[in-house]
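Presented below is the structure to which this report refers.
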Amino acid sequence: MRLAVFASGNGSNAQAVIDACRDGMLDAETVLVVSDKPDARVTERAYEAGIDCFAASPKSFDSKASFEEAVHKELSSRNVDALVLAGYMRLIGSVLLSRWAGRIVNIHPSLLPSFPGLDAIGQAVEAGVRVTGVTIHLVDEGMDTGPILAQKPVTIERGETKQEVEAAVRAVEHELYVDTLRWWLAELKEESLCQREH
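As numbered in UniProt numbering, residues 1 to 198 make up the sequence shown, in order.
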């Protein structure tokens with residue numbers, strides 16, 4: 001399976017996916033990194049790993065649709081099978097959703113449906129909850145609303161800072177994403193083989 005990994009920032013989850021592909025933990029290859037922030041650390045990670053990178057600000061395009069058309073062209077030219085969102089801070093629009101339905105997966109640092117959107121860990125700490133976690137879900141047109149594939153809780157100890165909770169969540173994210181991608185990609189591969197046979 002050929003993957004495109006989307007990220008907007010540091011890219012630690014993107015790196016976990018890249019490493020899992022390289023180390024044989026996933027039966028997949030990361031063939032493209034996509035970033036909406038040309039100066040994001042994830043672009044350096046792509047370069048260091050020898051992976052093609054499409055990094056462009058959507059503001060440099062006429063519209064969200066034209067930005068997504070450019071992304072789609074990059075994906076198609078590399079025969080990408082699935083899109084893996086790993087800290088991509090932009091809603092996927094109709095151009096990509098219509099062409100990649102059921103083949104876009106996202107990771108979110110909360111137990112959805114609690115604390116969707118930006119700063120989920122900050123929201124959880126502010127709310128005083130004792131348990132947060134990580135959710136892997138398929139992407140639809142909503143904000144963190146797609147069908148859930150996997151979840152794992154993370155306990156918030158009394159007095160823990162946001163930074164401490166972030167570190168605990170990040171450790172769970174990397175492992176859960178790779179484990180979930182392993183079976184999800186196997187299912188996708190099986191589906192595509194069945195479609196070819198019919």
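Built from N, CA and C at the ideal position, the CB exists for glycine as well.
For residue i, which option in the options has the closest C-alpha, if you only look at C-alpha atoms?
{"i": "D27", "options": "W184, C194, E191 and L193", "result": "W184"}
{"i": "residue 201", "options": "V139, A7 and A82", "result": "What is shown of the chain runs 1 to 198, which leaves residue 201 out entirely."}
{"i": "I121", "options": "L75, A168, V84 and H137", "result": "A168"}
{"i": "D144", "options": "E160, L112, K189 and S98", "result": "L112"}
{"i": "F67", "options": "V131, A127 and D36", "result": "D36"}
{"i": "residue 233", "options": "S94, A49, R41 and E74", "result": "Within the shown structure, residues of the chain are numbered from 1 to 198, placing residue 233 beyond reach of any answer."}
{"i": "T155", "options": "L91, V125, G142 and D179", "result": "V125"}
{"i": "P147", "options": "F115, E141 and H137", "result": "H137"}
{"i": "T161", "options": "Q123, E191 and R2", "result": "Q123"}
{"i": "K152", "options": "A56, H108, D19 and R99", "result": "H108"}
{"i": "V165", "options": "E141, G142, I18 and D119", "result": "D119"}
{"i": "D39", "options": "D52, L32, S57 and V31", "result": "S57"}
{"i": "S98", "options": "F115, V84 and E69", "result": "E69"}
Going by other Cβ atoms of all chains shown within 10 Å of its Cβ, with 16 needed for buried, is residue i buried or exposed?
{"i": "E157", "result": "exposed"}
{"i": "residue 200", "result": "This structure leaves residue 200 out entirely; the chain is present only between 1 and 198."}
{"i": "G24", "result": "exposed"}
{"i": "C21", "result": "buried"}
{"i": "A171", "result": "exposed"}
{"i": "R130", "result": "exposed"}
{"i": "Y177", "result": "buried"}
{"i": "G117", "result": "exposed"}
{"i": "L193", "result": "exposed"}
{"i": "Q15", "result": "buried"}
{"i": "S110", "result": "buried"}
{"i": "G50", "result": "exposed"}
{"i": "Y47", "result": "exposed"}
{"i": "L91", "result": "exposed"}
{"i": "T180", "result": "buried"}
{"i": "A86", "result": "buried"}
{"i": "E173", "result": "buried"}
So who's on the other strand from residue i, going by DSSP bridges?
{"i": "C53", "result": "V33"}
{"i": "residue 207", "result": "No information on residue 207 is available, as it lies outside the stretch 1 to 198 that the chain covers here."}
{"i": "G148", "result": "Residue 148 is actually Ile in this sequence, not Gly. Its beta-bridge partners are H137."}
{"i": "A82", "result": "L3"}
{"i": "P153", "result": "G133"}
Output the boundary residues of the beta strand (DSSP E) element that contains residue i.
{"i": "R99", "result": "R99 -> not in any beta strand (DSSP E); alpha helix (DSSP H) instead, spanning S94 to W100."}
Mind checking which residues open and close the alpha helix (DSSP H) that includes residue i?
{"i": "A4", "result": "Premise fails: A4 lies in the beta strand (DSSP E), R2 to F6, not in any alpha helix (DSSP H)."}
{"i": "E69", "result": "K64 to S77"}
{"i": "D19", "result": "S12 to R22"}
{"i": "A127", "result": "A120 to A127"}
When the cut-off is 7 Å and only beta carbons count, does residue i lie next to chain C?
{"i": "V165", "result": "Protein chains in the displayed structure number just one, and chain C is not present."}
Task: Given 8 Å, three or more beta-carbon pairs between the segment 102 to 111 and the segment 74 to 87 - done: yes
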